[in-house]
Amino acid sequence: MNTEAQAGDGREQPGAPSGLRASLLKYAGGLVLSIILTLVSFRISESGAVWPGGVPVLLAALAIAQMGVHLLLFLHISSGPENTNNIMSLAFGVFVVVLVIFGSMIIMHSLDTRMDNMPDMPAGAHAAPAMPAP
Amino acid sequence: MSAVTDDPVQTITRPVPVSQRGPAPTHVVTTYGMWLFLLSDIVMFAAFFAAFVVLRDHTAGGPDGRTLFHRHTVLVETACLLFSSFSCALFGLGVEYRHRLATYAAGAATLALGAAFMVLEVSEFTHMIAIGAGPGRSAFLSGFFALVGLHGIHVACGMLWLLVMLAQVATLGFLPKVARRLQCFALFWHAIDIVWVGVFTVVYLGAFT
Chain A
970 MNTEAQAGDG REQPGAPSGL RASLLKYAGG LVLSIILTLV SFRISESGAV
1020 WPGGVPVLLA ALAIAQMGVH LLLFLHISSG PENTNNIMSL AFGVFVVVLV
1070 IFGSMIIMHS LDTRMDNMPD MPAGAHAAPA MPAP
Chain B
-7 MSAVTDDPVQ TITRPVPVSQ RGPAPTHVVT TYGMWLFLLS DIVMFAAFFA
43 AFVVLRDHTA GGPDGRTLFH RHTVLVETAC LLFSSFSCAL FGLGVEYRHR
93 LATYAAGAAT LALGAAFMVL EVSEFTHMIA IGAGPGRSAF LSGFFALVGL
143 HGIHVACGML WLLVMLAQVA TLGFLPKVAR RLQCFALFWH AIDIVWVGVF
193 TVVYLGAFT
C-alpha cells in the first residue's frame, strides 16, 4: 500500500533533509487511514448491509487494523534494530492482553452455563449436569 | 571488533551485533522505558476490558447499551481523539525542528481536542447518572463506568502532562531533555488513542451488534 511505502521511507532516512516532508506524509497517511477505518466501523455497525453474524468479527478486524496503523505510523514501531526490544515487549504485552481478555471470557462463559439459580441464566443451562461430588 | 574480524566468517561486512555496540542512545532507552510502562498500562486496561465483556449482558433489568449510547456522540469523541493524535504528532515535529509557533499551535490544538473529548464524555456520564443509569445500577454499568472512566482519567492526566510540557517549552526552550519528555508524552497520547479504538469498538459499537 502507498502509505506503507511512505512509512518505510521515513524510517530509513531519519536525519535526511526530506525528513520533515516524509514525517508529515506519514502522519497524514496515518490520520486518513484511521478516519477511513473508523467510518467503516461505524457504517458497518449501523447499516445492516453485512450479515449480522459477521459484524463482530469484521469490527474486531477493523479495530486491529486501526491499532496497527497507529502503532506503525504514530508510535513508529518498526522492524529496525533499535526497535527489537520494543517489538519483543509488544509481543509479550499482546500475549498477556489476549490471555486476560479471552481467558476471562471463556472461563466466565463456562461458569455461566454451569451455574444454577442465576436469573440471567442462558436458556438450556438446566440441562448441564451438577458438579460431581469430590 | 578487532578480535572478531580475524575470523574469516566475520570478515564479510555485516552489521555490528547489538552486544558490541555499546550503550544505546538515551532517547532509545527512554522511549523503551516509556513503552514498557505503556504496555503494562494496556495490560491493566485488558483487565477492565475483560470485566466489561464478562458483565455486559448483566443489566439487572436496567437499561442496556443499545438504549443508552448515542453513536454520533461516540463518532465525534473518536474524531476528537484521532485529530488530537495527529496534532500531537505535529507537536513532536515542531519540537524536533525547533519551530516555536508550530509547537504552540499544535500543542494548543491537542489540548483543545482533548478538552472537547472530556466535555463530551463527562456530559455523557452526568446524563446517564441523571436518568438513573449510574455505575450502581447494574453490573454492566459498573463495568462501563470503570472502563470508560479509566480511559477518561488517562486523557485528563495526559492533558495535565501536555500543559506541563507547554510550560517547559516556554521556560526551558528546546532542550534535549524537553524533547525526550515530549517524545514520552506523544507515546502516551497515541497509546490512549489505541485504547480508545478498543473502547469504541467493544463498548459502543459492540452494544449495537
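Those protein sequence lines, which keep their order, are chains A and B. Heads up: the first sequence begins at 970 in my numbering, then just goes up one per residue. Heads up: the second sequence begins at -7 in my numbering, then just goes up one per residue. The beta-carbon is built from N, C-alpha and C at its ideal position, and this holds for glycine as well. A quick note: this is a predicted structure, and the numbers were derived from the prediction, not measured.
Worksheet entry | Cutoff 7 Å: A/L1080 Cβ touching any chain B Cβ | no
Discussion item. Against chain B, with Cβ distances strictly below 7 Å, would A/A1060 count as a contact?
Written reply: no
Worksheet item: Excluding five sequence neighbours on each side, which residues of the same chain lie with their C-beta closer than 8 Å to the C-beta of A/N1055?
Response: I1046
Worksheet entry | chain A contact for B/L174 (CB, 7 Å cutoff) | no
Worksheet item: Since A/V1066 meets chain B, which of its residues come closer than 7 Å, beta carbon to beta carbon?
Response: I34, V35, A38
Discussion item. Just to confirm before moving on: does the CB-CB distance between A/I1070 and B/F41 stay below 7 Å?
Written reply: yes
Discussion item. To the nearest angstrom, how far is the alpha carbon of B/L67 from that of B/A199?
Written reply: 14 Å
Worksheet item: In three-state terms, what does DSSP make of B/L174?
Response: helix
Worksheet item: Is there contact between the region 174 to 187 of chain B and the region 1024 to 1043 of chain A, where contact requires at least three CB pairs shorter than 8 Å?
Response: yes
Discussion item. For B/W27 and A/I1076, I'd like the C-alpha separation in whole angstroms.
Written reply: 30 Å
Worksheet item: Which ranges does the alpha helix (DSSP H) cover as unbroken runs of at least 4 residues, wholly within the region 1029 to 1095 of chain A, from first to last along the chain?
Response: 1053 to 1083
Item to complete: Taking B/P7 as the reference, give the member of A/E1051, A/V1019, A/A1060 with the closest Cα.
Response: A/E1051
Worksheet entry | Residues of the region 998 to 1017 of chain A whose Cβ lies closer than 7 Å to any Cβ of chain B, in chain order | L1000, S1003, I1004, T1007, S1010, F1011, S1014, E1015
Worksheet item: Is it buried or exposed for B/S(-6), if we count other Cβ within 10 angstroms and need 16 for buried?
Response: The predicted position of B/S(-6) is uncertain, since its pLDDT is 46 and thus under 50; a value taken from the coordinates is nonetheless stated next. The residue in question, B/S(-6), is exposed, as its Cβ has fewer than 16 Cβ neighbours within 10 Å.
Fill in: Cβ-based burial, A/T1007 [other Cβ within 10 Å; buried from 16]
buried
Worksheet item: Is the region 126 to 135 of chain B touching the region 43 to 58 of chain B, taking contact as three or more C-beta pairs under 8 Å?
Response: yes
Worksheet item: When the Cβ atoms of the region 147 to 161 of chain B are set against those of the region 173 to 180 of chain B, are three or more pairs found closer than 8 Å?
Response: yes
Item to complete: Can you pull the chain A residues whose beta carbon is under 7 Å from the beta carbon of B/T70, in chain order?
Response: T1007
Item to complete: Determine the DSSP secondary structure at B/I123, reduced to helix, strand or coil.
Response: coil
Item to complete: Alpha carbon to alpha carbon, how far is A/L993 from B/L155? Give it in angstroms, no decimals.
Response: 24 Å
Worksheet item: If B/V45 and A/V1066 are in contact, beta carbons under 8 Å, what's the gap, nearest whole angstrom?
Response: Actually they do not touch by this definition, with Cβ atoms about 12 Å apart.
Discussion item. Assuming contact is defined by CB atoms lying nearer than 7 Å, are B/T95 and A/P1025 in contact in what I supplied?
Written reply: no
Fill in: Three or more C-beta pairs below 8 Å linking the region 104 to 117 of chain B and the region 85 to 95 of chain B
no
Discussion item. So, at 8 Å on beta carbons, what are the nonlocal neighbours of B/V191 in its own chain, with the 5 sequence-adjacent residues on each side left out?
Written reply: L139, V140, H143
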